[in-house]
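Peer 1:
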Amino acid sequence: MAVISGIPALTAALRERNYRAFSIGNLLSHNGTWAQRTAVLWFTWEMTGSGFWLGLMAVADLLPVVFIGPLAGAIADRVNILTMIKITQVLAAIQSALLALLTFMGVMTPELLFALVLAHGIILSFNQPARLALVPHLVQRENLSAAIGINSMIFNSAKAIGPVIAGFLINGWGIGFAFVFNALSYVWFVGSLLFIRIANPRSGKARTPAREVPREIAEGFRYAMQHIGIARMLIVLSVVSIFGRPYMELLSGFADEVFSRGADGYSLMLSMTGIGSLVGGFWIAQRGQLVGLTSRVVLATLLLGLSLIGFAATNLYGVALVCLMISGFAVIIIGVGEQTLLQNAVDPKMRGRVMSLYGMIGRGAPAIGAIVMGTLAEFFGFQAPVIAGAVMLLGLWLWALPRRDAMAKSLEGD
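For the working numbering, count along the sequence shown from 1 and bump the result up by 5.
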């Protein structure tokens with residue numbers, strides 16, 4: 006596959022009209038999502054002061070994809086994925102508007118918030134595989150790596166900016182306005198999708214009767230597990246998602262209990278993670294090539310483990326912020342690197358199902374880790390569970406190192 010590297014790779018992708026329209030909408034949508042996520046977790050901490058409840062909110066937001074993701078992936082391989090994205094974005098806007106309304110009315114409870122966050126998680130479980138499967142339809146193949154990198158930059162700039170927006174809205178007007186902002190961001194994204202013009206944005210798979218969907222889901226699992234590169238990359242993603250990624254859901258507890266910093270300190274911690282992720286996303290996007298990407302993903306697992314040990318072991322806020330920035334960099338190298346490699350290696354007819362597995366693990370597995378770490382934090386404090394998870398990441402690096410070359414051969418070819 007011919008590739009363009011450096012800044013020209015980014016501009017080449019953005020010169021493509023459909024991808025540019027997608028990116029403009031995607032930018033505000035992700036900022037809204039992160040503003041809402043920040044507000045939800047801080048609202049939860051204010052109402053409960055409980056690490057368990059923080060983990061429970063992560064379960065509500067992230068775990069539905071584990072059960073719905075395979076079905077959503079099979080649907081994405083059968084329908085117009087652009088229409089599927091529009092429908093789920095409208096539903097997400099309604100959910101955010103309802104969150105805002107109930108908050109303004111002063112009737113919100115932890116249980117009600119859990120139910121609404123669960124609804125959001127279900128909606129995004131259908132949205133994510135379609136969103137991931139759409140990108141190859143928006144750019145030429147030589148621009149795919151850059152497009153995925155730009156998506157990462159957008160997502161991770163939102164991780165940095167969204168919490169700041171949330172902090173500004175919460176401190177200035179109240180938590181409900183963070184939810185209003187997210188609802189409007191989803192409406193904006195739907196509007197931008199109306200400018201995309203592509204013919205029949207499906208996987209290219211022949212239409213089969215609906216009764217075949219269970220068989221197609223199983224077929225997707227078998228394909229992924231029998232592909233040596235895809236299977237091992239999904240293992241790496243699983244371990245990182247369960248033992249590394251959940252620290253994000255616990256940051257409000259760290260901000261208050263460990264560092265005594267409050268809502269502003271919490272927003273800054275999220276933003277530093279986002280800045281690290283933004284740097285990582287820019288680096289991987291401008292790199293513009295597949296060769297060597299597998300090695301960098303494996304190395305990033307080591308970097309993530311070490312940075313999380315540094316973060317959780319210190320009581321110095323400044324040191325913690327630096328470690329969070331490094332962890333954000335490592336997480337995005339793993340996430341975007343894996344997505345790029347999977348998109349390159351997967352059979353187009355299996356794309357929706359395989360990317361639903363990627364989304365299922367990437368969104369669902371952190372919920373499992375978060376509820377476990379949140380529960381352990383009730384007994385041992387917030388620092389010990391994160392350190393234990395980081396040690397597991399060091400073990401993952403030792404497992405992946407001797408398998409790296411075989412994975413690269415399977416994933417980095419044309």
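Where is the CB? At the ideal position from N, CA and C, for every residue including glycine.
Look at the alpha carbon of residue 162 and the alpha carbon of residue 143, and state the distance between them as a whole number of angstroms.
Peer 2: As a first step, residue 162 is located in the sequence shown; it is residue number 157 there, counting from the start. As a first step, residue 143 is located in the sequence shown; it is residue number 138 there, counting from the start. Roughly 21 Å between the two C-alpha positions.
Peer 1: Which of helix, strand or coil does DSSP assign to residue 352?
Peer 2: Position 347 of the sequence shown holds residue 352. If DSSP states are grouped into helix, strand and coil, residue 352 belongs with coil.
Peer 1: Considering only the alpha carbon of each residue, which of 37, 342, 288 and 86 lies closest to residue 139?
Peer 2: As a working mapping, residue 139 is identified with position 134 in the sequence shown. When each option's Cα is compared against that of residue 139, the closest is 86.
Peer 1: Under the assumption that residue 5 contacts residue 365 (Cβ atoms under 8 Å), give the Cβ distance between them as a whole number of angstroms.
Peer 2: Coverage of the chain is limited to positions 6 through 419, which leaves residue 5 absent and any answer about it impossible.
Peer 1: Which full runs of the alpha helix (DSSP H) of 4+ residues lie inside the region 22-55, going along the chain?
Peer 2: Listed in chain order, they are 22-53.
Peer 1: In chain order, which alpha helix (DSSP H) runs of at least 4 residues are fully inside the region 299-367?
Peer 2: Counting whole runs of 4 or more residues, the region 299-367 contains the alpha helix (DSSP H) stretches 322-350.
Peer 1: For residue 120, does the count of other Cβ atoms within 10 angstroms reach 16, so buried, or fall short, so exposed?
Peer 2: For this step, residue 120 is matched to residue 115 along the sequence shown. Residue 120 comes out exposed.
Peer 1: With DSSP collapsed to three states, give me the class of residue 232.
Peer 2: The residue labelled residue 232 in the question sits at position 227 within the sequence shown. Reduced to three states, the DSSP call for residue 232 is coil.
Peer 1: So, residue 402 versus residue 310, is the Cβ gap smaller than 8 Å?
Peer 2: Here residue 402 is taken as the residue at index 397 of the sequence shown, counted from 1. Here residue 310 is taken as the residue at index 305 of the sequence shown, counted from 1. It is a contact, given that the beta carbons lie within the stated cut-off.
Peer 1: Whole angstroms is fine: what's the gap from residue 47's alpha carbon to residue 415's?
Peer 2: Residue mapping note: residue 47 aligns to position 42 of the sequence shown, counting from 1. Residue mapping note: residue 415 aligns to position 410 of the sequence shown, counting from 1. Whole-angstrom Cα-Cα distance: 43 Å.
Peer 1: Is the distance from the Cβ of residue 245 to the Cβ of residue 405 below 8 Å?
Peer 2: By 1-based counting over the sequence shown, the position of residue 245 is 240. By 1-based counting over the sequence shown, the position of residue 405 is 400. Their beta carbons are not under 8 Å apart, which means residue 245 does not touch residue 405 by this criterion.
Peer 1: Under 7 Å Cβ to Cβ from residue 39, same chain only, skipping five residues before and after it: list those, please.
Peer 2: For the purposes of this step, residue 39 is taken as residue 34 along the sequence shown, with counting starting at 1. Excluding residues within five positions, the ones whose Cβ falls inside 7 Å are 163, 164, 167 and 168.
Peer 1: Taking the straight line between their C-alpha atoms, what separation do you get for residue 19 and residue 57?
Peer 2: Counting from 1 along the sequence shown, the entry for residue 19 is found at position 14. Counting from 1 along the sequence shown, the entry for residue 57 is found at position 52. C-alpha separation (whole angstroms): 43 Å.
Peer 1: For residue 408, does the three-state DSSP call read helix, strand or coil?
Peer 2: As a working mapping, residue 408 is identified with position 403 in the sequence shown. In this structure, residue 408 counts as helix in the three-state DSSP scheme.
Peer 1: By the DSSP assignment, the alpha helix (DSSP H) with residue 105 in it spans what residues?
Peer 2: The residue you call residue 105 lines up with position 100 of the sequence shown. Start and end: 86-110.
Peer 1: Please report the distance separating the alpha-carbon of residue 281 from that of residue 339.
Peer 2: Residue numbering aside, residue 281 sits at position 276 when the sequence shown is read from its first letter. Residue numbering aside, residue 339 sits at position 334 when the sequence shown is read from its first letter. Looking at the two C-alpha atoms, the distance is approximately 13 Å.
Peer 1: Is it the case that the Cβ atoms of residue 191 and residue 98 are separated by a distance below 8 Å?
Peer 2: The residue labelled residue 191 in the question sits at position 186 within the sequence shown. The residue labelled residue 98 in the question sits at position 93 within the sequence shown. Yes, these two residues count as a Cβ contact at 8 Å.
Peer 1: Using CA atoms only, rank isn't needed, just tell me which of 78, 102, 159 and 149 is closest to residue 17.
Peer 2: Your numbering for residue 17 matches position 12 in the sequence shown. Closest option to residue 17, Cα to Cα, is 149.
Peer 1: Give every residue of the same chain whose Cβ lies closer than 7 Å to the Cβ of residue 271, excluding the five residues on either side of it in the sequence, and list them in chain order.
Peer 2: Position 266 of the sequence shown, counted from the first residue, corresponds to residue 271. If we look at residue 271 and ignore the five residues flanking it on each side, its Cβ neighbours are 47, 256, 257 and 260.
Peer 1: Alpha carbons only, please: which of 396, 361 and 151 is nearest the one belonging to residue 130?
Peer 2: Taking the first residue of the sequence shown as 1, we reach residue 130 at position 125. Answer by Cα proximity: 361.
Peer 1: Check whether the Cβ atoms of residue 347 and residue 238 lie closer than 8 Å to each other.
Peer 2: The residue given as residue 347 occupies position 342 in the sequence shown. The residue given as residue 238 occupies position 233 in the sequence shown. Contact: yes.
Peer 1: Under DSSP, the alpha helix (DSSP H) around residue 136 begins and ends at which residues?
Peer 2: In the sequence shown, counting from the first residue as 1, residue 136 sits at position 131. Start and end: 115-143.
Peer 1: Taking 7 Å as the limit between beta carbons, can you name the residues of its chain near residue 41, skipping five residues before and five after?
Peer 2: If you number the sequence shown from 1, residue 41 lands on position 36. For residue 41, where only same-chain residues beyond five positions count, the Cβ hits under 7 Å are 101, 183, 184 and 187.
Peer 1: Check each candidate in 45, 160 and 381 and name the one with the smallest Cα separation from residue 36.
Peer 2: If you number the sequence shown from 1, residue 36 lands on position 31. Nearest of 45, 160 and 381 to residue 36, Cα basis: 160.
Peer 1: Report buried or exposed for residue 178, applying the criterion of at least 16 other Cβ atoms within 10 angstroms of its Cβ.
Peer 2: As a position in the sequence shown, residue 178 is number 173, starting the count at 1. Under this definition residue 178 is an exposed residue.
Peer 1: Whose C-alpha, out of 363, 342, 356 and 263, is nearest the C-alpha of residue 324?
Peer 2: On the sequence shown, position 319 is the one that residue 324 refers to. Among 363, 342, 356 and 263, the Cα nearest to that of residue 324 belongs to 263.
Peer 1: Can you tell me where the alpha helix (DSSP H) with residue 73 in it begins and where it stops?
Peer 2: Walking along the sequence shown from the start, residue 73 turns up at place 68. Unbroken alpha helix (DSSP H) run through residue 73: 69-81.
Peer 1: Using a Cβ-Cβ cutoff of less than 6 Å, which residues in the same chain neighbour residue 370 once the five nearest sequence positions on both sides are dropped?
Peer 2: One-based indexing of the sequence shown puts residue 370 at position 365. The answer, listed in chain order, is 243, 246 and 247.
Peer 1: With distances taken from CA atoms, which of 273, 115 and 197 is nearest residue 62?
Peer 2: Residue numbering aside, residue 62 sits at position 57 when the sequence shown is read from its first letter. Of the listed residues, the one whose Cα sits closest to residue 62 is 115.
Peer 1: When you compare only the Cα positions, how much space is there between residue 199 and residue 384?
Peer 2: Counted from its first residue, the sequence shown places residue 199 at position 194. Counted from its first residue, the sequence shown places residue 384 at position 379. The straight-line gap from Cα to Cα measures roughly 50 Å.
Peer 1: Suppose you measure from the CA of residue 79 to the CA of residue 359; what does that come to, to the nearest Å?
Peer 2: The count along the sequence shown starts at 1 and reaches residue 79 at position 74. The count along the sequence shown starts at 1 and reaches residue 359 at position 354. Rounded to the nearest angstrom, the two C-alpha atoms are 9 Å apart.
Peer 1: Given this structure, state the Cα-to-Cα distance separating residue 6 from residue 380, to the nearest angstrom.
Peer 2: What you label residue 6 is simply residue 1 of the sequence shown in a count that begins at 1. What you label residue 380 is simply residue 375 of the sequence shown in a count that begins at 1. Low local confidence applies: a pLDDT of 42 at residue 6 is under 50, so the model's placement there is unreliable, and no value is given.
Peer 1: Can you find the residues in the same chain that come closer than 7 Å, C-beta to C-beta, to residue 408, ignoring five residues on each side of it along the sequence?
Peer 2: Translated into the one-based positions of the sequence shown, residue 408 becomes position 403. Around residue 408: 237.
Peer 1: Tell me the rounded alpha-carbon separation between residue 412 and residue 137.
Peer 2: The residue labelled residue 412 in the question sits at position 407 within the sequence shown. The residue labelled residue 137 in the question sits at position 132 within the sequence shown. Answer to the nearest angstrom: the Cα atoms are 22 Å apart.
Peer 1: Who are the near neighbours of residue 195 in its chain, counting only those whose CB is closer than 8 Å to its CB and skipping five residues on each side?
Peer 2: To locate residue 195, count along the sequence shown from 1; it is residue 190. For residue 195, where only same-chain residues beyond five positions count, the Cβ hits under 8 Å are 30, 91, 94, 95 and 98.
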